[in-house]
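**Q** Per full-length UniProt numbering, the very first residue in the sequence shown carries number 1; after that it's consecutive. For glycine and all other residues, C-beta sits at the position ideal for the given N, C-alpha and C. Given the structure is predicted, the values throughout are model-derived calculations rather than measurements. Before anything else, here's the structure in question.
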Amino acid sequence: MARTETPRRIRGTQDIFGDEQRRFAHVLSTFERVRALYCFQRIDIPVFESTAVFARSLGETTDVVSKEMYTFEDRGGDSLTLRPEFTAGIARAYLTEGWQQFAPLKITTSGPVFRYERPQKGRFRQFHQIDAEVIGAAEPAADVELLVLADQLLRELGIADGVTLQLNTLGDAETREAWRAALVAHFEAHRGELSEDSLTRLEKNPMRILDSKDPKDRPIADSAPDIDAYLTPEARAFFDAVTAGLDAAGVAWERNARLVRGLDYYRHTAFEFVTDRLGSQGTVLAGGRYDGLIGSLGGPETAGVGWAAGVERLAMLLEEPAAAGIDAVVVPMGAAAEARATGIVADLRRAGVAVEMAYKGKMKARMAKADALGARFAIILGDDELAKGVGAVKALATGTQTEVAFADLAEALR
Ligand code: ATP
Ligand code: MG
């Protein structure tokens, strides 16, 4: 019989532990705190949806839908897909759960998302996003609020300095049509110089040539006409209101006229927060306005704007967060002390004190554990202390030691 092989972790997935886990948790708790300051509600939605939710929202021609989705048939024969992003599922929930009544709805969520991509630094197959959306608000104030929220999040994470907000407008429907026609004419004229991929994009989704990473495409993409000449007065006014809002809020931004979102329902604002500290995985947070999305899912025309950020990429940029110290380690010596310590530790924890019990090794090893855990105090329990009903409480920073009655321990440690 073949030897049983130890199972392996699936390529592109992660087991998040120790320092990595602390960074990860720090991103999520900071997001949770900041979203509450901006009065966004937290929601949770399913990890999988009908495949149609993503295929219709994102469009069949996008990389995500055509190459990256985890799609499978369940036992009932339905085609399901593990979410590759949040917006589509949120739009579905907005329609199926009657959330229209709460519009404008300011919501955030976070959790794992799945894309079949080539794993590398900052790129996984199961990764995590934080996500913020405003649905049912057509005003530029919603775009501004989301961008200021993103900026504050980066500031509070201490990484705003190395990250730049790049901003563009895709205009309204009329602008977009006119610009698209001008782009197609430009790319047609340079058909022979485009990459294979971009020739396909030219047929299906020509705007996407603008953000092609292929060096062959860059000169043609860079010399393509900007949207500015095609902006209607309304679209121009919208963009001006967004940039004025950012300026008023003290959020720095840069115009990037090459920044696009390929799908037809994207309107007006498109943005990315980028850094050069993560190699080619430099986009940490990205989003835009998607006023046509809910309509394209069969719902009433509904304005929407939002962004998503990769938790791993944000976590990689963080300074190493300090391990959270604990209050005390109980160090019992001898069987009687160990038995008593179990009750003391339980009482302390119930009183809200973070304690660990050191029950392995000799006295020296047990004290070393208290140091390693960054405890403020060690509570030593030997036969003498048991007889007196006290713990010997040693402040680990100073080495001073006092005796404290069992009943007063929680108070003394707080
Ligand atoms: P990229 O150009 O890096 O592939 P994207 O345009 O596919 O990014 P979005 O769909 O806008 O990314 O997702 C929002 C954010 O999610 C990205 O800015 C990035 O921080 C993160 N992200 C996207 N794909 C991955 C991945 N495979 N692994 C880790 N993080 C990712
Ligand atoms: Mg991608």
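Give the DSSP-derived three-state secondary structure of Q21 in the structure shown.
**A** Note: Q21 maps to helix in three-state DSSP.
**Q** Assuming F273 contacts A132 (C-beta within less than 8 Å), just tell me the rounded distance between them.
**A** F273 to A132, Cβ: 13 Å. No contact.
**Q** Compute the minimum distance between the beta carbon of T283 and the heavy atoms of ligand 1, and state whether it is under 6 Å.
**A** Checking the Cβ of T283 against ligand 1 gives yes.
**Q** Is any heavy atom in ligand 1 found nearer than 6 Å to the beta carbon of F124?
**A** For ligand 1, at least one heavy atom lies less than 6 Å from the Cβ of F124.
**Q** Spatial neighbours of E97 within its chain, please: CB distance less than 7 Å, with the 5 preceding and 5 following residues excluded, ordered by chain position.
**A** Correct list: empty, nothing qualifies.
**Q** Does the pairing of the stretch 211-226 with the stretch 265-279 give three or more beta-carbon distances under 8 Å?
**A** Verdict: no, contact absent.
**Q** Using DSSP with H/G/I as helix, E/B as strand and the rest coil, what is E156?
**A** Helix at E156.
**Q** According to the Cβ coordinates, are D327 and A354 closer than 7 Å?
**A** Closer than 7 Å, so yes.
**Q** Three or more beta-carbon pairs under 8 Å between the stretch 231-247 and the stretch 133-148, yes or no?
**A** Contact holds: three or more Cβ-Cβ distances are below 8 Å.
**Q** Let me know if E193 comes out buried or exposed under the rule of 16 or more other beta-carbons within 10 Å of its beta-carbon.
**A** Burial call: exposed.
**Q** Just to check, is the beta-carbon of G250 closer than 6 Å to a non-hydrogen atom of ligand 1?
**A** The answer is no for G250.
**Q** Check whether the stretch 32-43 touches the stretch 95-115, taking contact to mean three or more Cβ pairs, one atom from each stretch, closer than 8 Å.
**A** A contact exists between the stretch 32-43 and the stretch 95-115.
**Q** For my contact list, D172 and R267 are in at a C-beta cut-off of 8 Å; report their separation, rounded to the angstrom.
**A** Contact holds; Cβ gap of about 6 Å.
**Q** Which same chain residues, not among the five before or five after P46, have their C-beta less than 7 Å away from its C-beta?
**A** So the list reads G89, once near-sequence residues are dropped.
**Q** Reducing DSSP to helix, strand and coil, say where D131 ends up.
**A** Strand, per DSSP.
**Q** Measure how close the beta-carbons of T351 and A410 come, nearest whole angstrom, since I'm counting them as under 8 Å.
**A** Contrary to the premise, residue 351 reads as Ala rather than Thr in this sequence. Their Cβ separation, rounded to whole angstroms, is 4 Å, which keeps A351 and A410 in contact under 8 Å.
**Q** Looking only at its chain, what residues have a beta carbon closer than 8 Å to the beta carbon of G282, apart from the 5 residues adjacent to it on each side?
**A** Hits under 8 Å: V274, T275, D276.
**Q** Applying the 10 Å Cβ sphere with the 16-neighbour rule, what's the burial state of I10?
**A** With fewer than 16 other Cβ atoms within 10 Å, it is exposed.
**Q** Measure the CB-CB distance between F124 and T81 and report whether it falls below 7 Å.
**A** In this structure, T81 does not lie closer than 7 Å to F124 by Cβ.
**Q** If you follow the beta strand (DSSP E) that V330 is part of, which residue opens it and which one closes it?
**A** That run of the beta strand (DSSP E) goes 328-332.
**Q** When DSSP labels each residue in this structure, what does H26 get in the three-state scheme?
**A** Three-state result, H26: helix.
**Q** Does DSSP put W179 in a helix, a strand or coil?
**A** Three-state DSSP puts W179 in a helix.
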